[in-house]
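Participant: Below is a structure I'd like to ask you about.
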Amino acid sequence: MSFLIPLLAGAQSPSKQGKNQPSMIEVVSADKLIFDQKRSEAQRVIGNVQVKHENTTMYCDSAWIFQKKGKLYAFGHLHMKQGDSLNVYGDSLFYDANLRYGKMRGHVRMVELDMNMETDSIEFDAKEGRGWYTNGGIIRSARNKNTLTSRNGEYRSKSKDIFFSDSVRLNHPEYTMQCDTLRYHTPQETAFFSGPTTIRTNSGLIFCENGWYNTRTDESFFSKNAFLSSKEHLIHGDSIRYNRKTGKGSAHGKFQLQDTLNAMIAEGKRAQFDEVKGTSMITDSAVLIRKFEKDSLYIHADTLYGFKNLATDKQHFVAWHHVRFFKSDLQGICDSLNFSEGDSLLQLMGTPVIWHQENQLSAVKMNIRFKEKTIDRADLYDDCFIASQVDSTGYNQIKGRSMHAVFVNEQLSQIDIKGNGQTIYYAGEEGKKRIGMNKAECSDIRIRLAENKISAITFITEPEAVFYPMDRINPKDKLLKDFKWHGNSRPKNKSDIFRHE
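To convert, take the position in the sequence shown, counting from 1, and add 276; that gives our numbering.
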């Protein structure tokens, strides 16, 4: 696009006869030279005409020259040449040396080195350093393999900007861009676009309503309803920076990354991503959304980091610090969390606590597995507790070194306690007065549940058990050692995951 520069720069060169007087239009050669008797100042040259003005040479079939007025009319097989590289072709030309204004019409073609522009007519104002067309133009670059078309085009030499508007389209073997308005700043080699803009590449699509693209570095910036789409991902953001060469980018403001293959969405207000490595990091109101058959799992943390497992080609997410998550049948808190799409495994670390229906599960570490998009089992390790609240001061409690919980139809069905098993269980029918509290110790215990309530307790080895009537219970015996009820920390809904305690 920068091939317009030399033409206007040459047209702006100062006149040798002074600023207020136009330089002479020199007739170098012609088959005929005729003076019009009616127009004493008029010269008409015909046949193989060669005319020179300052540093531009022009060839044509015929021309009218008005030296006193500094005007030139040229016709037929027009060819303007400047230096060794710039050539302009057309059917006719009007040029006013006083105003330093010109207009070329008819099959206009401008060629410089590998650049080629075609339009019906072009005008230029050398005083202002402007050149423009308004009836459609095509610009081709063999070196860059670009073809640009637009209804209007204008070059401004003072600012070194080229403007294109109305049906702007840029074709390249690797991408196609369509926009309303495009400004190309030649020193920075940067294109600025506004209005609905679509960039289609071999790997995806980019849309925005404002942005820029550096043709030298392949760096770009997109804002106002911006999104990037590929086979696997869809990225939305208030503002997105992206390098097409490296595949790296960042986003600020409201941001969303959709993994279309794995039904996952990551959101936040700050993000960095690498399409080549398949990594992303999101901070500030970060949330990961995993869609399941009936509902979705919402995970919030200070930082979310995602990467692709090269062995399985599945996505893996890590959440750090102040982790809170919500699903209609599962809620939880912890310090850090890993989610592997390949084996549908949710790993919780840093004193995690989860809630399923009326049951609270806690441990030093947990693994939750999903099968066919529903919760299948939960494995708890070290200082494990499962508890449910009976009343304002009483809790059914199960403690052990490790626990393995099985879910059937999204309901807690069975719990196996391995090592140092302890239980506190209140006896009595639902809705009726409690008759007492069972307290037992047994190395290994199996508990069965129906409708999320304990239906049977099996002690694998001989237990040590005590039953306390309600009026004989010592308050110190009501809680197992290290047990804590975290009911106030339980996320109530998907918005509550952003609450920090």
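Where is the CB? At the ideal position from N, CA and C, for every residue including glycine.
Starting from Arg-445, follow its DSSP beta bridges and name the residues at the other end.
Facilitator: Taking the first residue of the sequence shown as 1, we reach residue 445 at position 169. Paired residue(s): Thr-425, Gln-454.
Participant: From the DSSP output, read off the bridge partner residues of Val-684.
Facilitator: The residue you call residue 684 lines up with position 408 of the sequence shown. Gln-687, per the DSSP bridge assignment.
Participant: Rank Tyr-701, Met-713, Ser-433 by C-alpha distance to the C-alpha of Ile-730 and give the top, closest one.
Facilitator: Position 454 of the sequence shown, counted from the first residue, corresponds to residue 730. Looking at the Cα atoms, Tyr-701 is the closest of the given residues.
Participant: Less than 8 Å between the beta carbons of Phe-476 and Thr-457, yes or no?
Facilitator: By one-based count along the sequence shown, residue 476 stands at place 200. By one-based count along the sequence shown, residue 457 stands at place 181. Per the sequence shown, the amino acid found at residue 476 is Arg instead of Phe. No. Outside cutoff.
Participant: At which residues does the beta strand (DSSP E) containing Phe-735 begin and terminate?
Facilitator: Locating residue 735 in the sequence shown gives position 459, counting from the first residue. Here the beta strand (DSSP E) through Phe-735 covers 729 to 735.
Participant: Pick from Cys-336, Ser-572, Asp-442, Ala-318: whose alpha carbon is nearest that of Lys-347?
Facilitator: Taking the first residue of the sequence shown as position 1, residue 347 is located at position 71. The shortest Cα separation from Lys-347 among Cys-336, Ser-572, Asp-442, Ala-318 belongs to Ala-318.
Participant: Measuring CA to CA, which of Leu-362, Glu-705, Ala-741 is closest to Cys-718?
Facilitator: If you number the sequence shown from 1, residue 718 lands on position 442. Of the listed residues, the one whose Cα sits closest to Cys-718 is Ala-741.
Participant: Who are Met-540's beta bridge partners in DSSP?
Facilitator: In the sequence shown, residue 540 corresponds to position 264, counting from 1. According to DSSP, Met-540 bridges with Asp-535, Arg-566.
Participant: Asp-360: which of Leu-389, Lys-567, Glu-302 sits nearest, CA to CA?
Facilitator: Taking the first residue of the sequence shown as position 1, residue 360 is located at position 84. Comparing Cα-Cα distances from Asp-360 to each of Leu-389, Lys-567, Glu-302, the minimum goes to Leu-389.
Participant: Taking the C-alpha atoms as reference points, what is the distance between Tyr-744 and Asn-750?
Facilitator: If you number the sequence shown from 1, residue 744 lands on position 468. If you number the sequence shown from 1, residue 750 lands on position 474. If you take the alpha carbons of Tyr-744 and Asn-750, they lie about 9 Å apart.
Participant: With DSSP collapsed to three states, give me the class of Met-252.
Facilitator: The requested residue 252 is not part of the displayed model; the chain covers only 277 to 777.
Participant: What did DSSP end up calling Pro-745 once you bin it into helix, strand or coil?
Facilitator: Here residue 745 refers to the residue found at position 469 of the sequence shown. Residue state, collapsed to three classes: strand.
Participant: Report the CB separation of Lys-545 from Phe-531 in whole angstroms; it is logged as a contact under 8 Å.
Facilitator: Counting from one through the sequence shown, the residue named residue 545 turns up at place 269. Counting from one through the sequence shown, the residue named residue 531 turns up at place 255. Yes, they are in contact, since the Cβ atoms of Lys-545 and Phe-531 sit about 6 Å apart, within 8 Å.
Participant: Sorted by chain position, which residues of the same chain lie with C-beta nearer than 6 Å to Met-746's C-beta, five sequence neighbours on each side aside?
Facilitator: For this step, residue 746 is matched to residue 470 along the sequence shown. Within the same chain, Met-746 has close Cβ partners Arg-710, Gly-712.
Participant: Distance check for Ser-561 and Glu-399, CA to CA, integer angstroms please.
Facilitator: For the purposes of this step, residue 399 is taken as residue 123 along the sequence shown, with counting starting at 1. For the purposes of this step, residue 561 is taken as residue 285 along the sequence shown, with counting starting at 1. If I take the Cα positions, the gap works out to 54 Å.
Participant: Could you tell me whether the Cβ atoms of Phe-503 and Phe-661 are closer together than 8 Å?
Facilitator: Here residue 503 refers to the residue found at position 227 when the sequence shown is read from its first residue. Here residue 661 refers to the residue found at position 385 when the sequence shown is read from its first residue. No; because the gap between Cβ atoms is not below 8 Å, this pair is not in contact.
Participant: Ignore the nearest five residues each way along the sequence and tell me which others in Pro-767's own chain have a CB closer than 6 Å to its CB.
Facilitator: Reading the sequence shown from its first residue, position 491 is the one you call residue 767. These residues qualify, in order along the chain: Arg-600, Phe-602, Gln-607, Ile-773.
Participant: Counting along the chain, where does the beta strand (DSSP E) carrying Ser-638 start and finish?
Facilitator: Within the sequence shown, numbered from 1, the residue matching residue 638 stands at position 362. Run containing Ser-638: 635 to 638, per the beta strand (DSSP E) assignment.
Participant: So, with DSSP's three-state summary, where would you put Asn-764?
Facilitator: What you label residue 764 is simply residue 488 of the sequence shown in a count that begins at 1. Asn-764: helix per DSSP, three-state reduction.
Participant: If you measure from the CB of Glu-404, is any heavy atom of the ligand COA nearer than 7 Å?
Facilitator: The model depicted lacks the ligand COA and carries no ligand whatsoever.
Participant: At the level of alpha carbons, what is the spacing between Leu-537 and Gln-591?
Facilitator: Taking the first residue of the sequence shown as position 1, residue 537 is located at position 261. Taking the first residue of the sequence shown as position 1, residue 591 is located at position 315. Straight-line Cα distance between these residues: approximately 9 Å.
Participant: The beta strand (DSSP E) with Asp-652 in it runs from where to where?
Facilitator: Indexing the sequence shown from 1 puts residue 652 at position 376. Note, Asp-652: beta strand (DSSP E), 650 to 665.
Participant: With 16 as the cutoff for other CB atoms within 10 Å, does Ser-771 come out buried or exposed?
Facilitator: Walking along the sequence shown from the start, residue 771 turns up at place 495. Exposed, because fewer than 16 other Cβ atoms sit within 10 Å of the Cβ of Ser-771.
Participant: Would you report the Cα separation of Thr-734 and Val-552, rounded to the nearest angstrom?
Facilitator: By 1-based counting over the sequence shown, the position of residue 734 is 458. By 1-based counting over the sequence shown, the position of residue 552 is 276. Roughly 53 Å separates the two Cα atoms.
Participant: Does the distance from the CB of Ser-556 to the CB of Leu-533 come in under 8 Å?
Facilitator: Reading the sequence shown from its first residue, position 280 is the one you call residue 556. Reading the sequence shown from its first residue, position 257 is the one you call residue 533. In contact: Ser-556 and Leu-533 (Cβ atoms closer than 8 Å).
Participant: Buried or exposed, going by whether 16 or more other CB atoms sit within 10 Å of the CB of Val-684?
Facilitator: Residue numbering aside, residue 684 sits at position 408 when the sequence shown is read from its first letter. Exposed, by the Cβ-count rule.
Participant: If distances are taken between C-alpha atoms only, which option among Gln-326, Ala-587, Gln-687, Asp-372 comes closest to Gly-352?
Facilitator: Residue numbering aside, residue 352 sits at position 76 when the sequence shown is read from its first letter. For Gly-352, the nearest C-alpha among the options comes from Gln-326.
Participant: Ignore the nearest five residues each way along the sequence and tell me which others in Ile-693's own chain have a CB closer than 7 Å to its CB.
Facilitator: The residue you call residue 693 lines up with position 417 of the sequence shown. Excluding positions up to five away in sequence, the list reads Ile-674, Gly-676, Met-679, Asp-720, Ile-721.
Participant: When you compare the CB positions of Val-384 and Thr-395, do they come within less than 8 Å of one another, or not?
Facilitator: Taking the sequence shown and counting its residues from 1, one reaches residue 384 at position 108. Taking the sequence shown and counting its residues from 1, one reaches residue 395 at position 119. Cβ distance < 8 Å, so Val-384 and Thr-395 count as in contact.
Participant: Just reading off the beta strand (DSSP E) that Pro-751 is part of, what are its end residues?
Facilitator: Here residue 751 refers to the residue found at position 475 of the sequence shown. Here Pro-751 belongs to no beta strand (DSSP E), and DSSP marks it neither H nor E.
Participant: Going along the chain, which residues of its own chain have a beta-carbon closer than 7 Å to the beta-carbon of Arg-419, five neighbours each way excluded?
Facilitator: By 1-based counting over the sequence shown, the position of residue 419 is 143. Excluding sequence neighbours, Arg-419 sits near Asp-390.
Participant: Hey, out of Phe-468, Arg-445, Ser-765, whose CA is closest to Val-629's CA?
Facilitator: As a working note, residue 629 is residue 353 in the sequence shown. Nearest option by C-alpha distance: Ser-765.
Participant: Going by Cα to Cα distance, which pick from Asn-635, Met-356, Gln-623 is closest to Lys-226?
Facilitator: Limits of the chain in this structure are 277 at one end and 777 at the other, which puts residue 226 out of reach.
Participant: Roughly how many angstroms separate the alpha carbons of Asn-769 and Asp-578, rounded to a whole number?
Facilitator: To locate residue 769, count along the sequence shown from 1; it is residue 493. To locate residue 578, count along the sequence shown from 1; it is residue 302. Rounded to whole angstroms, Asn-769 to Asp-578 spans 18 Å at the Cα level.
Participant: In three-state terms, what does DSSP make of Ile-839?
Facilitator: The shown model of the chain, from 277 to 777, leaves out residue 839, and the question about it has no answer.
Participant: Need the endpoints of the beta strand (DSSP E) that Leu-309 sits in, please.
Facilitator: In the sequence shown, counting from the first residue as 1, residue 309 sits at position 33. 308 to 311 is the extent of the beta strand (DSSP E) around Leu-309.
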